[in-house]
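Data block below; observations after.
2 protein chains.
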Amino acid sequence: MQLPVNKCHGYARAVPKPEVDSTASLELGVDRSSPVPLYFQLSQQLEAAIERGALTPGSLLGNEIELAARLGLSRPTVRQAIQSLVDKGLLVRRRGVGTQVVHSQVKRPLELSSLYDDLEAAGQRPATEVLANVLEPAPAQVAAALQIAEGAQVHRIERLRLTHGEPMAHLCNYLPTGLFDLDSGQLAATGLYRMMRAAGITLHSARQSIGARAATAEEGERLDEPPGAPLLTMQRTTFDDTGRAVEYGTHTYRPSRYSFEFQLLVRG
Amino acid sequence: MQLPVNKCHGYARAVPKPEVDSTASLELGVDRSSPVPLYFQLSQQLEAAIERGALTPGSLLGNEIELAARLGLSRPTVRQAIQSLVDKGLLVRRRGVGTQVVHSQVKRPLELSSLYDDLEAAGQRPATEVLANVLEPAPAQVAAALQIAEGAQVHRIERLRLTHGEPMAHLCNYLPTGLFDLDSGQLAATGLYRMMRAAGITLHSARQSIGARAATAEEGERLDEPPGAPLLTMQRTTFDDTGRAVEYGTHTYRPSRYSFEFQLLVRG
DNA sequence: ATAGTCAGGTTGTCCGGACAAAGGATTGAC
DNA sequence: GTCAATCCTTTGTCCGGACAACCTGACTAT
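Residue numbers (UniProt numbering), protein chains in the order written: chain H, 1 to 268; chain C, 1 to 268.
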């Protein structure tokens, strides 16, 4: 498989093993005075190198020992950097072989993302129309999802998301009171998740359900679809890192203009 | 928060700090003669304890140093065990505070799972009807997804999945030739992913797209739905750890009988 | 009473080393 | 020439220790 390359390895260390260490030509280095962890610096540099194509898919990374020595780091630190990229699905390790850049196109392993951010990343310049922003007693289903008493006061936010002037999704969200103030102006200008993060809430996990159903007359009118037209639906409950439910949403999408696309990894 | 449970266990080890170490009353231990890694043994035991409720949500885990000493392990090993559970979303670490069991209900963070396994786990006893299992030239879209030449031979498998005697989903899958033999009998008795794993293929990642559309007359007849009824659709390309595309599938589901439910974590 | 300071406890990061396990390639025997 | 045994390389696991960063609660000074 490997041609017998003319290995004239005297001391003239003219590229010792060029075909088995793609990091040799990379300029890697860490800043020990920086507060950002060394393993993180390294993993970011490697990820950037993969991103811009300096590390091509399938190329070997060179063994950890040598890499550590070259960077003046310990092997555990280098391993931690590599491991984080393995967890992201960018690298694959094989005992006895080495670490190589994964072959396929891995974009993003499905983050807990907001529709607004998704659209903005796609260059769609989304517009938002706030249809409602009120306080009201929680219906039974909402109270159950948010783990609060039925009838307790909750915020109800209804929004219409448009792209290119056309409606794309109808978003109905319920939030517990007292988390942060819900300014309608901000709601129109940015996404809900961004507002929550800005308010110091660290999102942890979400439970989602994606389905489909026929549009009611009211739904059809909102989204500019005929009654009975297929709609893509999503319900989601979001939790912060203390386990509190911080948001429950019911969304409907026009399937001609939106679909859920994501990448997922097998969990080791 | 935690009542001081009266644990009369043996020689008066009168629970040093009962409210700050919920693992104290657990019987944890590792088998050093086992080939399974120590950190994995520990993480499994902790996960099982969480699963069965021995470790209640919000309870502290006790500091790593002491836990390591109690088990006769080193701190890095204990950390590795805990870290794997943090990655799964079962635990939350806070510097200066400790490690605690996450409060919310985290079931499964969206694995790369097969419909068959999902149904079986739900106790549905799925049935499969193999409608087609043939070799044919790859259409353009399939060839692009599988990264092979257009017109190259591929397997086409069409199946109908039923629960309680009613059709639930129509599955159309394309596979490259030469991976493994596709026995129709096995296809009817188990899932495609299980067959692939059994054939030594290690799945790595998949790219999915979930949408909705109205049923055509043919689709409606297959799934016992009227034409124009809303259907839930999913396309998926699966890759193995070498980056090869090993499967491309187009599935349609009856939304009244199936929806995608999953949990997702914010990636740190 | 309030605010700032300090100390204790816990996780985060990093180091250096050691041996085991697995895969590939070479070598040897037949 | 083919197959098996062996060696080498590389990652996997594990250890023990050290210091830094951070949070909490108590204490002190205002």
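Here a beta-carbon is modelled for each residue, glycine too, at the ideal position from N, C-alpha and C.
Could you round the C-beta distance between H/His251 and H/Thr237 to whole angstroms and report it? I think they count as a contact, below 8 angstroms.
Actually they do not touch by this definition, with Cβ atoms about 12 angstroms apart.
Could you list which residues in chain C have their beta carbon closer than 9 angstroms to that of H/Gln263, in chain order?
Residues of chain C passing the Cβ test: Ser205, Ala206, Arg207, Gln208.
Identify whether H/Ala14 lies in helix, strand or coil by the three-state DSSP scheme.
Because H/Ala14 carries a pLDDT of 34, less than 50, the predicted location of this residue cannot be relied on, and no value is offered for it.
Check each candidate in C/Ser114, C/Leu115, C/Ala81, C/Tyr116 and name the one with the smallest Cα separation from C/Thr99.
Closest option to C/Thr99, Cα to Cα, is C/Ala81.
When the Cα of C/Leu182 is compared with those of C/Gly62, C/Arg75, C/Ala132, C/Tyr253, which residue comes out closest?
That would be C/Ala132, whose Cα lies nearest to the Cα of C/Leu182.
Which of the residues in the segment 120-135 of chain H, read from start to end, lie with their CB under 8 angstroms from any CB of chain C?
So the list is empty, because no residue satisfies the distance condition.
Just checking: is the beta-carbon of C/Pro255 within a distance shorter than 8 angstroms of some beta-carbon in chain H?
Yes - at least one Cβ of chain H is within 8 angstroms of the one on C/Pro255.
DSSP on C/Thr77, reduced to helix/strand/coil?
Looking at C/Thr77 - three-state DSSP - the assignment turns out to be helix.
For C/Glu158, which of C/Ala140, C/Thr242, C/Gly200, C/Leu135 has the nearest alpha-carbon?
Looking at the Cα atoms, C/Leu135 is the closest of the given residues.
Can you name the residues of chain H whose CB is closer than 7 angstroms to the CB of C/Thr242?
Simply His103.
Please classify C/His9 as buried or exposed, where buried requires at least 16 other C-beta atoms within 10 Å of its C-beta.
Interpretation of C/His9 is limited by its pLDDT of 34, a score under 50 that renders its predicted location unreliable; the figure taken from the coordinates is listed afterwards. Label assigned to C/His9: exposed.
Contact defined as beta carbons within less than 8 angstroms: I believe H/Ala229 pairs with H/Ala212. What is the distance between those atoms, to the nearest angstrom?
In fact, because the Cβ distance is near 11 angstroms, the residues do not count as touching under 8 angstroms.
Which residues bound the alpha helix (DSSP H) around C/Gln186?
C/Gln186 -> alpha helix (DSSP H) spans 184-189.
Are at least three pairs of beta-carbons, each pair with one atom in the segment 72-91 of chain H and one in the segment 25-45 of chain H, less than 8 angstroms apart?
A contact exists between the segment 72-91 of chain H and the segment 25-45 of chain H.
Contact check, C/Glu129 vs C/Leu91 under 8 angstroms by CB: the rounded distance?
At roughly 43 angstroms, the Cβ-Cβ gap does not stay under 8 angstroms, so C/Glu129 and C/Leu91 are not in contact.
What residues of chain H sit near C/Arg213, judged by a beta carbon separation below 7 angstroms?
What C/Arg213 touches in chain H: Pro230, Pro255.
Chain H partners of C/Val36, CB-CB under 9 angstroms?
Those within 9 angstroms of C/Val36 in chain H number zero; the least Cβ separation is about 14 angstroms.
For a contact meaning CB atoms closer than 9 angstroms, what does H/Pro57 contact in chain C?
What H/Pro57 touches in chain C: Gly243.
What residues in its chain sit with their C-beta under 6 angstroms from that of H/Thr177, if we drop five residues either side in the sequence?
Same-chain partners within the cutoff: Gln153.
Given this structure, state the Cα-to-Cα distance separating H/Ala149 from H/Gly243, to the nearest angstrom.
Roughly 17 angstroms between the two C-alpha positions.
How many Å lie between H/Gly249 and C/Glu66 at the Cα?
So the alpha carbons of these two residues sit roughly 43 angstroms apart.
What residues of chain H sit near C/Gly89, judged by a beta carbon separation below 7 angstroms?
Those are Ser205, listed as they occur along chain H.
Of the choices C/Arg254, C/Ala199, C/Pro37, whose alpha-carbon is the least far from that of C/Val78?
Considering only alpha carbons, the answer is C/Pro37.
I want to verify the contact list: residues of chain C whose CB lies under 8 angstroms from the CB of H/Ser74, in sequence order.
Chain C residues near H/Ser74: none, gap ~12 angstroms exceeds 8 angstroms.
Residue ranges of each alpha helix (DSSP H) run of no fewer than 4 residues wholly in the segment 131-196 of chain C, ordered along the chain?
With a minimum length of 4 residues, the continuous alpha helix (DSSP H) runs that stay inside the segment 131-196 of chain C are 140-146, 184-189.
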